[in-house]
Every structure is written in structure tokens, then in C-alpha cells.
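Okay, so the sequence shown: first residue is 393 according to the working numbering, each after it adds one. Here is the structure we will look at, set down as C-alpha cells.
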Amino acid sequence: MAEQSPYSIPSYQAPDYKHRPLGQAIIELPLLYLKALFAPTARMFAREGELARWGLVWVQLFLLIVIPWALGFVRGLNHASVVRASTNSQALYNLLVAFTLGTSLVSIVAQTFLVPIFFFLTISIQFLLAKAFHGVGHYLAQCHTTLLYQVPLAIIGAILNTVYALTNLAGRSTLSPATSFVLFLYGILLNIVAIKGVHHLAGSKATLVVILYYVICVLLVIAIIIAFTAFIISALRRAL
Numbered sequence: 393m394a395e396q397s398p399y400s401i402p403s404y405q406a407p408d409y410k411h412r413p414l415g416q417a418i419i420e421l422p423l424l425y426l427k428a429l430f431a432p433t434a435r436m437f438a439r440e441g442e443l444a445r446w447g448l449v450w451v452q453l454f455l456l457i458v459i460p461w462a463l464g465f466v467r468g469l470n471h472a473s474v475v476r477a478s479t480n481s482q483a484l485y486n487l488l489v490a491f492t493l494g495t496s497l498v499s500i501v502a503q504t505f506l507v508p509i510f511f512f513l514t515i516s517i518q519f520l521l522a523k524a525f526h527g528v529g530h531y532l533a534q535c536h537t538t539l540l541y542q543v544p545l546a547i548i549g550a551i552l553n554t555v556y557a558l559t560n561l562a563g564r565s566t567l568s569p570a571t572s573f574v575l576f577l578y579g580i581l582l583n584i585v586a587i588k589g590v591h592h593l594a595g596s597k598a599t600l601v602v603i604l605y606y607v608i609c610v611l612l613v614i615a616i617i618i619a620f621t622a623f624i625i626s627a628l629r630r631a632l
């Protein structure tokens, strides 16, 4: 009998989406979201990565864009209603509703382009880092497994922020960023588990992949700020 590698992922039985209609696979996504959030294991992500398909990736990206946007629109309308109740001004209410509609349209158009761009940029960087550590996973598998936790976390965050706004909860200005921070930290943990499973890496290597990704992001932001500052200073000097 062949000796099992210490980093091999035990078998995990998951629905075989590749042999099911896309509609049925979409219906089963909520169950996968629950597993990804509350029972995340490397073997689960490894198996789901093997069953990834582009149709599910694009459907989940659609959910990642539309659901948080729709809840944000609800929060905007609620803010307009609160202002009308406190000022008793129908004109101000109409103005705020029009502003909410306008910004929401701009937001959904921008997110339609920006969310996929940043998503695939993130996946590409982490994929290359995983390959540098001799990861064996596929790009599509990493896309699918990443969305299995990103989509529900984004929806949960949007729902909680909407609840804070609609209930006019005291301290919501603190609760909202605190909630986002906690979900962000949990997302990092799930990111490590997913990388470990998809690429069959040791936990230490998967952790390094994620840490290095955020280091690269910070360095890129610093470089952009420096370049933008230098551009502004140069423009001001020419103007003077």
C-alpha cells in the first residue's frame, strides 16, 4: 500500500456540480456557504475546488455585487426617511431620494467593473504566490473556493449594517466598523484554509501566501501614494 503524504487532503464527498445543471448547483450554494463559514476544512475546500466551474464563479460574483449594493440602496432610502421625519421637509426628502438613486446607479456600474477586476487581481497574486511554494491547485478552483466564503461574509456584513441603520441602534457608528473588522479577520483565516486545501500546502506555507499577499498590497498602496504625491508636487511646481 502506498504511503500517504503528510500534506495530502483526506477525501471529502461533495455534490458533483460538473454533472449537474447549473441551476441545481446554484440552489445548493447556500449549503456550501454554511460549510465554508461554520465547518471550514482544507479537505472541503480541496474537494470543492475540484468541482469548480466558471458558471458558478460568475453567478457568485453577481451575488457579491448585487446583494450588498441592494442593501446599501435600502440604507440610503432609510436615511432619507429619517431626515424627512426629523426635518418635516418633503423637498429635502425628494432631493435625498434622487441623490440616492443617482449614486446607486453610479455605484452599481462601477462595482460591475471594479469588483471582478480586484477579485481576479487578488486571485492572480495569491495563485502565483502559492505556485512559488509548489502549490498544485488550479486557478478556477481558487476562484470558486475563495467566493465560497467571500460572498456570505459580504452578505452578512451588508445585512448587519442594514439592521444597524434601520433600527437606529445606539452605537452603530462603532458597531459597523467593528463588524467589518471581525469579518475581515475571519475572512483571512478562511483564506488560509482555502489556500491550504486547494493547493495542498502545509498550513505554514498557506499562511505565508496570505501574509505575503497583504504585504504586497500594502507596498503597492504606499507606492501609489508616493507616486501620486510626487505628481501633485511636480504639478504645483510647474504651476508656480
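All residues carry an ideal CB built from backbone N, CA and C; glycine is no exception. Keep in mind that this is a model prediction, so the values were computed, not measured.
For residue i, tell me which candidate among the options has the shortest Cα-Cα distance.
i           : options            : result
residue 466 : 488, 566, 452      : 488
residue 572 : 600, 542, 586, 599 : 542
residue 443 : 464, 413, 468      : 413
residue 577 : 551, 597, 606      : 606
residue 425 : 586, 595, 552, 502 : 586
residue 505 : 450, 473, 486      : 450
residue 521 : 589, 627, 455, 602 : 602
residue 457 : 479, 469, 545      : 545
residue 540 : 499, 529, 431      : 431
residue 581 : 493, 538, 524      : 538
residue 490 : 473, 416, 503, 501 : 473
residue 701 : 556, 591, 550, 508 : Because the chain here runs from 393 to 632, residue 701 falls outside it and cannot be looked at.
residue 570 : 612, 549, 437      : 549
residue 499 : 464, 482, 470      : 464
State the Cα-Cα distance for the pair residue i and residue j, rounded to the nearest angstrom.
i           : j           : result
residue 554 : residue 453 : 21 Å
residue 515 : residue 531 : 8 Å
residue 419 : residue 448 : 11 Å
residue 534 : residue 519 : 8 Å
residue 621 : residue 629 : 12 Å
residue 583 : residue 459 : 22 Å
residue 598 : residue 588 : 5 Å
residue 623 : residue 479 : 44 Å
residue 497 : residue 595 : 42 Å
residue 435 : residue 446 : 21 Å
residue 492 : residue 512 : 29 Å
residue 565 : residue 462 : 21 Å
residue 610 : residue 551 : 28 Å
residue 525 : residue 517 : 13 Å
Could you check where the alpha helix (DSSP H) with residue i kicks off and where it finishes?
i           : result
residue 441 : 434-442
Which of helix, strand or coil does DSSP assign to residue i?
i           : result
residue 456 : helix
residue 559 : coil
residue 422 : helix
residue 413 : coil
residue 529 : coil
residue 591 : helix
residue 630 : helix
residue 431 : coil
residue 445 : coil
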